[in-house]
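A.B. asks: First, the structure itself, so that you have it in front of you.
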Amino acid sequence: MLLDIRNLSVEFRTPRGRVKALRDISFPIRRNRIIGIVGESGSGKSTVLWAIMGLLAGNAEVTGGEILFEDRDMLRFDEAGLRAARGEEISIVFQDPMTSQIPVLTYARQMFDILYRRPKLSADDKRRMAVEMMKKVGIPDPEHRIAQYPHHFSGGMRQRAGIGMALLTGPKLLLGDEPTTALDVTMEAQIIHLLQELQGEFDATIAVVSHNLGLIAELCDDVVVLYAGEVVETGDVHSIFHDPQHPYTRALLECDPARIRERSDKLPVIPGDIPDLVRLRPGCIYAPRCQRAMPVCKTTPPPRAATEVGDATCHLLAGPHRDADWPPPADVPTVRTGLGEPAAAVKSIAPEPVLAVDDLNVRFRTVGVLRARLRGIDDPFVDGVLDVSLSVRPGETVGLVGESGSGKTTLGRAVLNLLTSHRGTIAFEGREIRNMPEGRFKPFRRDMAMMFQDPVGSLSPRKSVRALIVEPFQIHGITGIDLDDEAERLADMVHLPRPLLSRYPHELSGGQARRVGVARALALHPKLIIADEPTAGLDVSVQGEILNLMADLQAEHGLGYLIITHNLPVVRHIADRLAIMYLGRIVEQGDAEAIFRHPAHPYTQALVDGVPQPDPDRRRAHVSISGEVPSLLQRPAGCDFAARCPYVQALCRQEKPAHSTMRDGRIHACHFPLA
Amino acid sequence: MLLYLTKRLGLSVVVICAVVLVLFSLLHLIPGDPATIALGPRATPEAITRYAAKMHLDEPIWRQFLIYIGNVVIGDLGVDVFSDRLVTRIIGERIGFTLTLVAAGMGWAMLLGIPLGCLAAVQPNTWLDRITGVLSVGTIAVPSFLVSIWALLIFAVQLRWLPAIGAGEPGDLADQAVHLILPAFAIGLSWVGYLARMVRASMLEVMGETYIRAARAFGLAPRRVIFGYALRVAILPTITLIGMGFGGLISSTVFAEIIFARPGIGKLIFDSVMARNFPVVQGAVLVATALYIAIVLLSDLLIARLDPRVRESL
Amino acid sequence: MSANRSEQDIGILAVDATGLPDHLTEREVRESAARERREKLRLFVTNWQGLTGLVLVALFFASALLAPWLAPYDPNALDIPARLSVPTLDHIVGTDQLGRDTFSRILYGGRVALQVAAIGVSVSLAIGLILGMIAGFGPRWLDNALLLLFDTVRAFPTIVLALATVALTGPSLELVLAIIIITSIPQYARVTRTATLSLAHTDFILAERSLGASTGRMLFHHVMPNVVGPLLILAAMDVPVVVTVEAGLSFLGLGVLPPNASWGTILNEGYLVIRDAPQMVVAGGIPLILTTLGFTFLGEALRDIFDPRMSKER
């Protein structure tokens with residue numbers, strides 16, 4: 012055992028009171044193994060990492076326990092002792108490479124600083140070590156790039172550099188705080204592979220904190236499940252994923268859309284919210300949300316039940332209330348599906364599209380008019396959206412899928428006339444609306460609404476929720492209605508508790524703010540809703556709420572949805588048709604299920620294969636895709652994807668593939684489709 | 006970096022041209038005969054005619070402006086109305102005093118203020134932090150010309166520790182240094198507080214950034230984290246503030262020179278205004294403004310040197 | 002047992018629970034809101050800086066507005082035999098070189114300061130707000146043109162501009178006010194512009210556009226409320242500057258003219274007799290310092306209370 016956490020308790024002093032973020036946490040981190048710490052928001056999983064490093068926030072207080080690192084209690088280390096351990100023996104990879112690297116120093120300088128405790132090394136030695144490490148983590152041309160600044164590196168590159176910096180001193184334990192959350196799917200796959208390689212090479216012990224079950228299943232040997240500050244279950248990865256004991260673990264797995272093999276319109280949800288960690292109720296912490304809660308669960312803390320490979324704390328597993336029928340076989344669901352009634356078996360989709368986009372082009376200017384002329388640049392533009400055609404019919408959900416830089420957000424904004432487009436048509440219910448002047452377009456805004464990615468950030472901070480919800484009525488000058496009634500009606504429609512109407516955006520949780528966004532979008536009975544990343548920032552166990560709500564509303568009002576997302580497991584269930592975008596073009600389009608089962612375009616296949624599956628038996632042997640998305644400024648001649656395509660041939664590099672239609676109605680842009 | 010330098014330089018030149026335009030137009034925007042306005046009601050008719058001829062006031066306005074710009078470029082700022090001496094000469098004799106005062110004033114403020122702000126940020130909510138906070142706000146609030154007057158009263162008039170008037174014997178560095186103490190103290194005092202607060206606020210903000218946490222997570226020594234990482238980033242807005250604040254510093258210097266009777270540019274402008282010696286006023290104001298613009302340019306370039314993101318943003 | 006403290010107190014992001022859990026009842030929501038209001042009030046009341054500032058500012062307003070009733074003498078009434086007297090029961094702060102009661106002159110000087118502060122700050126804030134919103138929201142070329150304009154105005158140190166203008170027009174209070182307004186506009190415009198620019202690209206402005214909100218609605222309902230906060234704090238910090246500039250210019254004889262009273266003229270007259278009657282510069286300086294301190298404390302307290310919230314809300 013390398014690190015043993017025993018009965019660790021951490022509290023935070025806040026204006027609301029003392030938040031008991033971690034209570035009596037115990038689990039071991041075994042040598043040369045990778046352990047995953049799974050939890051959703053509020054679980055305290057990141058707090059564990061900071062407690063190990065001794066870098067908790069100023070208002071945190073460790074109120075009990077030990078952290079034994081090779082038999083020394085780290086909590087009793089003085090500052091010098093902690094500093095000696097940091098970087099040398101224990102290192103950490105941060106979640107967001109954009110904010111965790113100082114922007115004004117070169118990587119060379121930062122890495123030199125990390126090696127400051129090696130006085131015997133000369134400057135040349137240090138540089139050599141640094142370049143070696145950059146090479147190991149897969150950064151091309153490390154000799155030159157090491158002298159660059161972080162903003163010269165792309166996101167994926169920055170994360171690789173971050174991993175390199177963490178491993179530079181050869182630490183015994185590497186901690187990872189959601190190391191792939193900020194990355195695209197294809198980059199995530201590469202980083203997972205990199206971590207596996209490096210673990211083998213350095214014989215390191217790794218502890219990864221994540222809410223992404225796929226990442227955990229793919230990477231880890233052991234798993235610890237945290238809920239609201241307590242360890243509810245531990246075990247090795249196979250038993251946790253195939254035979255979970257604790258109701259929460261079981262429910263969490265059932266809610267993960269990637270585990271739901273059959274496409275279903277309604278996703279399972281764990282109802283409720285994490286409990287108030289300031290005023291804790293007696294009994295089991297999960298009882299308020301547990302589907303199998305018994306009266307004893309609300310009064311008495313549950314006992315620990317040891318299994319062969321770990322343990323779980325639940326009344327159903329040990330003690331007088333033990334239930335021999337728990338856990339039920341794997342195919343029996345323990346969580347309810349959705350909020351309202353189950354969705355209609357067949358969706359009613361009208362034939363005439365409400366939105367029809369044809370050959371749309373959106374260009375961005377790269378340099379100003381003057382500078383372009385000075386430098387002799389003929390065409391100072393890049394194509395953010397290139398020759399895109401798609402349609403959405405009433406009652407239908409179309410998923411617009413792509414990674415960062417694919418142009419999907421640009422397309423969404425162009426459709427809503429928030430950007431000027433340069434060629435093509437955008438037809439709403441048959442009427443051409445592309446670049447329509449705002450005055451004439453305004454009535455259309457009642458029929459097309461947008462839900463934004465950042466739920467709190469898309470609400471004007473100084474307006475109350477009520478004012479925000481009724482604002483659409485005011486903007487469009489609708490009179491003769493009682494605004495307060497409308498606000499309440501809409502709040503009820505989206506299951507937003509009425510007292511929240513008088514609150515302000517910064518006081519809402521992410522889920523609540525998202526519902527305000529839905530209410531605003533629905534206010535004027537639109538026919539089309541464009542939703543930008545509707546599940547971003549939401550825990551897996553609750554994202555179903557918003558999606559099921561949207562499905563219900565669609566069935567009730569015949570809405571058409573255009574969902575912009577990079578979350579493939581989710582979009583598989585909620586979308587009828589998909590459009591996959593790469594570098595501004597649609598590379599494949601058609602029936603969602605068909606695309607998932609038999610992708611035609613190699614990029615689609617890479618995306619589908621790139622998602623880590625929450626099943627340790629389905630680990631990928633090799634990475635499905637390498638490299639990065641090329642820059643829009645240097646659009647390759649020939650197929651955009653040629654440089655990264657595993658099936659590339661000579662023709663691909665020379666000629667851009669045109670869109671062709673397959674027998675089953677799917678459209679793709681590939682010279683040598685896979686299906 | 007070179008490209009950024011050129012761009013900033015170009016911008017500064019444009020601003021100076023605009024300043025020249027303003028100074029030039031002042032005379033002509035005010036209703037009445039420019040020569041009479043410039044020389045005041047007590048000027049003799051001969052003086053007025055002489056001035057009009059010198060300023061080419063019979064030519065069309067745009068011509069006058071071009072002549073003026075042309076003169077400025079070659080360094081001819083006109084002549085003193087009374088003594089006929091070159092304005093550039095007069096300014097040249099006195100600019101040294103202003104520059105030393107400005108440097109001394111800002112210099113001691115930086116030497117005291119920046120470390121104080123740093124210390125306060127590194128140990129927030131200690132007694133040091135609180136005292137620094139109170140003193141900072143206090144010194145910011147007190148107007149500098151009042152500090153000049155009271156410093157003069159206390160140290161020169163009442164206690165007689167330091168001289169009240171003048172800049173000291175020419176050639177005697179020690180004497181000049183002594184004469185520098187009170188005025189430099191007066192103009193620098195509010196800057197100590199200002200800088201301490203700015204550095205403290207900036208440092209606290211930077212220390213909360215993830216990359217500082219990352220630096221500590223890599224086990225870097227605290228001194229390196231504070232100075233090499235946090236201060237390195239936190240100093241940037243402070244440099245901007247210092248650069249832009251020089252305008253206020255120059256204003257304070259004008260007062261200090263008048264109160265302590267130092268023969269610098271400030272006093273020159275004031276005396277010339279009182280004497281209705283407009284060419285000197287125009288020339289000296291131009292020089293003072295150009296000095297300020299040059300300092301802002303320098304501070305921008307310094308920031309570009311320290312922050313790679315700035316020098317690549319064109 | 003507590004975690005190691007020293008390094009951790011360096012402002013690392015603190016954790017708190019944001020958002021209200023769904024299951025809170027209506028009563029709990031209302032209680033939470035009431036608790037926040039009480040917290041804000043408590044912060045203000047226990048902040049000694051803010052309280053002192055409030056008291057001083059109230060004193061300033063009261064004495065200035067009630068001067069005609071509070072002043073024991075007519076501020077311009079001469080009493081030569083009693084000139085330059087030290088504080089007595091008759092003249093609680095003494096008399097000036099013409100025998101006028103200094104205390105009454107101080108009160109009336111406060112009226113001048115109040116006028117200048119009220120008009121100067123409100124006019125420049127209003128104009129700066131509008132120009133800043135235009136610069137931030139409007140077309141690029143307009144933004145660049147306005148920036149150039151602001152840069153040019155800011156290139157002139159205030160006193161220097163005042164001197165240059167007075168050289169031509171002669172001193173007057175109206176002129177001082179005009180110069181104060183012109184030189185203050187850029188700072189309000191700059192703050193507004195920065196805030197508007199950063200808001201213009203936020204999601205919520207985009208959301209408003211997608212709902213069909215007009216530019217006017219966006220500016221007045223959504224941008225302005227978010228900008229007014231920092232502007233008011235800036236205004237509170239600007240009043241001391243404005244009052245000081247007026248006093249300074251009057252001190253130089255460029256603003257308020259004799260026989261009228263201004264804190265600056267009192268200081269001027271006191272400076273001239275500083276060796277014989279030092280009490281005048283002390284008397285004239287104290288109201289100035291108290292006023293600047295008061296507004297500065299108030300501004301600081303407001304910033305402490307509202308700024309950290311605002312950055313958290315963002």
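Residue numbers (the numbering used here), protein chains in the order written: chain A, 12 to 686; chain B, 6 to 319; chain C, 2 to 315.
From the three backbone atoms N, C-alpha and C, an ideal C-beta is built for every residue, glycine too.
Being a predicted model, the structure only gives us computed values, none of them experimental.
Do we get a CB-CB distance below 8 Å when we pair residue 98 (chain A) with the residues of chain B?
C.D. replies: Output row for residue 98 (chain A): interface = yes.
A.B. asks: Show which residues of chain A have a CB atom less than 7 Å away from the CB atom of residue 92 (chain C).
C.D. replies: Per Cβ cutoff of 7 Å: no residues; residue 92 (chain C) is ~52 Å from chain A at best.
A.B. asks: What's the C-alpha gap between residue 123 (chain B) and residue 140 (chain B)?
C.D. replies: Their Cα atoms are separated by approximately 15 Å.
A.B. asks: Let me see if you follow: with CB-CB separation under 8 Å, is residue 375 (chain A) close to chain B or not?
C.D. replies: Judged by the 8 Å Cβ criterion, residue 375 (chain A) is not in contact with chain B.
A.B. asks: Is residue 600 (chain A) helix, strand or coil by DSSP?
C.D. replies: Here residue 600 (chain A) sits in strand by DSSP.
A.B. asks: Measuring only between beta-carbons, confirm whether residue 257 (chain C) sits less than 8 Å from chain B.
C.D. replies: Residue 257 (chain C) does not count as touching chain B.
A.B. asks: Can you grab the Cα-Cα spacing for the pair residue 162 (chain A) / residue 11 (chain B), in whole Å?
C.D. replies: Residue 162 (chain A) and residue 11 (chain B): Cα-Cα distance of roughly 23 Å.
A.B. asks: Rounded to the nearest angstrom, what separates residue 74 (chain B) and residue 287 (chain B) at their Cα positions?
C.D. replies: For residue 74 (chain B) and residue 287 (chain B), the distance between alpha carbons rounds to 13 Å.
A.B. asks: How do the region 470 to 477 of chain A and the region 513 to 531 of chain A stand: do at least 3 beta-carbon pairs fall below 8 Å, yes or no?
C.D. replies: Touching, yes.
A.B. asks: In angstroms with no decimal places, state the Cα-to-Cα distance between residue 700 (chain A) and residue 185 (chain A).
C.D. replies: Chain A is shown from 12 up to 686; residue 700 (chain A) falls before or after that span and cannot be answered.
A.B. asks: From the DSSP secondary-structure annotation, give me the bridge partner or partners of residue 214 (chain B).
C.D. replies: None; residue 214 (chain B) has no bridge partner.
A.B. asks: Do the region 258 to 268 of chain C and the region 97 to 113 of chain C make contact, defined as three or more Cβ pairs closer than 8 Å?
C.D. replies: Counting Cβ pairs under 8 Å, three or more are found: they touch.
A.B. asks: Check whether the region 221 to 239 of chain B and the region 180 to 196 of chain B touch, using three or more Cβ-Cβ pairs below 8 Å as the test.
C.D. replies: Segments in contact, no.
A.B. asks: My understanding is that residue 85 (chain C) touches residue 278 (chain C), with C-beta atoms under 8 Å, so please give their C-beta distance in whole angstroms.
C.D. replies: That belief holds up - the Cβ atoms of residue 85 (chain C) and residue 278 (chain C) are roughly 4 Å apart, short of 8 Å.
A.B. asks: May I have the straight-line CA-CA distance separating residue 26 (chain A) from residue 129 (chain B), to the nearest angstrom?
C.D. replies: For residue 26 (chain A) and residue 129 (chain B), the distance between alpha carbons rounds to 19 Å.
A.B. asks: Per DSSP, what kind of secondary structure is residue 419 (chain A) in: helix, strand or coil?
C.D. replies: In this structure, residue 419 (chain A) counts as helix in the three-state DSSP scheme.
A.B. asks: For residue 571 (chain A), collect the residues of the same chain with a Cβ closer than 7 Å to its Cβ; drop the 5 residues on either side in sequence, then sort them by chain order.
C.D. replies: Excluding sequence neighbours, residue 571 (chain A) sits near 365, 366, 403, 404, 405, 406, 407, 538, 539.
A.B. asks: Can residue 574 (chain A) and residue 582 (chain A) be called in contact, C-beta distance under 8 Å?
C.D. replies: Yes, the pair counts as a contact, with Cβ atoms nearer than the cut-off.
A.B. asks: Grab me the residues of residue 55 (chain C)'s own chain with a C-beta within less than 7 Å of its C-beta, minus the 5 sequence neighbours each way, in chain order.
C.D. replies: Only 299 meet the Cβ criterion.
A.B. asks: Contact between the region 45 to 57 of chain B and the region 306 to 314 of chain B: three or more CB pairs below 8 Å?
C.D. replies: The region 45 to 57 of chain B vs the region 306 to 314 of chain B: no contact.
A.B. asks: Residue 389 (chain A) to residue 661 (chain A), Cα distance in whole Å?
C.D. replies: Approximately 29 Å, taken between the alpha carbons.
A.B. asks: Can you list the residues of chain C that residue 567 (chain A) reaches, using a CB-CB cut of under 9 Å?
C.D. replies: The premise fails here: residue 567 (chain A) is roughly 22 Å from chain C at the closest Cβ pair, so nothing lies under 9 Å.
A.B. asks: For residue 234 (chain B), which residues in chain C fall below 7 Å Cβ to Cβ?
C.D. replies: Going along chain C, no residue has its Cβ under 7 Å from residue 234 (chain B), so there is no contact; the nearest lies around 12 Å.
A.B. asks: Which term fits residue 642 (chain A), buried or exposed, when burial requires 16 or more other beta carbons within 10 angstroms of its beta carbon?
C.D. replies: Exposed: under 16 other Cβ atoms inside 10 Å.
A.B. asks: Run through chain F and tell me which residues come within less than 7 Å of residue 469 (chain A), C-beta to C-beta.
C.D. replies: The structure shown contains no chain F; its protein chains are A, B and C.
A.B. asks: Check the C-beta distance from residue 534 (chain A) over to residue 585 (chain A) and give it rounded, since I have them as a contact under 8 Å.
C.D. replies: With a Cβ gap of about 22 Å, residue 534 (chain A) and residue 585 (chain A) do not count as contacting.
A.B. asks: Beta carbon of residue 423 (chain A), beta carbon of residue 541 (chain A): below 8 Å?
C.D. replies: Closer than 8 Å, so yes.
A.B. asks: Count the C-beta pairs between the region 179 to 194 of chain A and the region 392 to 402 of chain A that are closer than 8 Å, then say yes if the count reaches three, no if not.
C.D. replies: With the cut-off at 8 Å, the region 179 to 194 of chain A and the region 392 to 402 of chain A do not touch.
A.B. asks: To be precise: take each residue of the region 69 to 101 of chain B, compare its Cβ to all Cβ atoms of chain A, and keep it if any distance is under 9 Å. Which residues remain?
C.D. replies: So nothing in the stretch comes that close.
A.B. asks: Under a three-way DSSP split, which group does residue 443 (chain A) fall into?
C.D. replies: Residue 443 (chain A) falls in the strand class under three-state DSSP.
A.B. asks: Could you spell out the range, first to last residue, of the alpha helix (DSSP H) harbouring residue 372 (chain A)?
C.D. replies: Unbroken run through residue 372 (chain A) is the beta strand (DSSP E), 366 to 376; no alpha helix (DSSP H).
A.B. asks: At a CB distance below 9 Å, what residues from the region 124 to 137 of chain A approach chain B? Give them in sequence order.
C.D. replies: So the list reads 124, 125, 127, 128, given in the order they occur along the chain.
A.B. asks: Within this structure, are the beta carbons of residue 640 (chain A) and residue 416 (chain A) separated by less than 8 Å?
C.D. replies: Closer than 8 Å, so yes.
A.B. asks: Anyone know if the C-beta pair for residue 507 (chain A) and residue 432 (chain A) falls short of 8 Å?
C.D. replies: Not closer than 8 Å, so no.
A.B. asks: Where do the N-terminal and C-terminal ends of the alpha helix (DSSP H) with residue 484 (chain A) fall, by residue?
C.D. replies: Where residue 484 (chain A) is concerned, the enclosing alpha helix (DSSP H) stretches over 476 to 486.
A.B. asks: Tell me the rounded alpha-carbon separation between residue 304 (chain B) and residue 189 (chain B).
C.D. replies: One C-alpha to the other measures close to 21 Å.
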